[in-house]
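Asks: Residue numbers (the numbering used here): 16 to 118.
Here it is, the structure, as C-alpha cells.
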Amino acid sequence: MADRLLFILFYLKTYPLQEVIAHLFGMSQPQANFTIHRLSRVLNKTLDARGHKPARLTEEMLSRLEQETRQDLGIDGTERRINRPVNDLGQRIHYSGKKNATP
16 MADRLLFILF YLKTYPLQEV IAHLFGMSQP QANFTIHRLS RVLNKTLDAR
66 GHKPARLTEE MLSRLEQETR QDLGIDGTER RINRPVNDLG QRIHYSGKKN
116 ATP
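Below, the structure is given as C-alpha cells:
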C-alpha cells in the first residue's frame, strides 16, 4: 500500500511522462497508465470520504474569492525597440525576422 501511495503522489506532484514513471517503478508504460487511472480514482474517493478533497470553483471557493482584496494586475505584452547593434554578429542575434515598423 505504501508503494502505491508513493506512486500516485509522486505522479500527481511531478507529472512525469508515463514511460519515466514506469521505468522508475519497474513496470511497463501501459501498466503505469492503468495504475495511474486506478489509483487516482481511489485517492479521490478516499479524500472525498475523509473530507479532504480539494475545493474546486464551488460556492465556497467563490465566496472566498469575493472576500479577498481586489488587486489590479496588468501584463505588459508590447514589444519594445532596442538599439540595433553595429556589428554583424550582434545584428544576427537580435534579428527577429519582422519587417520594419510602419511610421
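C-beta atoms are modelled at their ideal positions from N, C-alpha and C, and glycine is treated no differently.
1) At which residues does the alpha helix (DSSP H) containing Val-101 begin and terminate?
2) What residue range is occupied by the uninterrupted alpha helix (DSSP H) comprising Arg-79?
3) Quick check: Ile-23 and Leu-58, are their CB atoms within less than 8 Å of each other?
4) Nearest to Leu-39 by CA position, among Asp-87, Ser-55, Asp-18, Glu-75, is which residue?
5) Apart from the five residues on each side of it in sequence, which residues of its chain come closer than 8 Å, Cβ to Cβ, to Met-42?
Replies: In brief:
1) Note, Val-101: premise wrong, no alpha helix (DSSP H); not H, not E.
2) Boundaries of the alpha helix (DSSP H) harbouring Arg-79: 74–82, taken from the DSSP string.
3) In contact: Ile-23 and Leu-58 (Cβ atoms closer than 8 Å).
4) Per the Cα distances, Asp-18.
5) Within its own chain, the residues whose Cβ lies closer than 8 Å to the Cβ of Met-42, once the five positions on either side in sequence are excluded, are Thr-50, listed in chain order.
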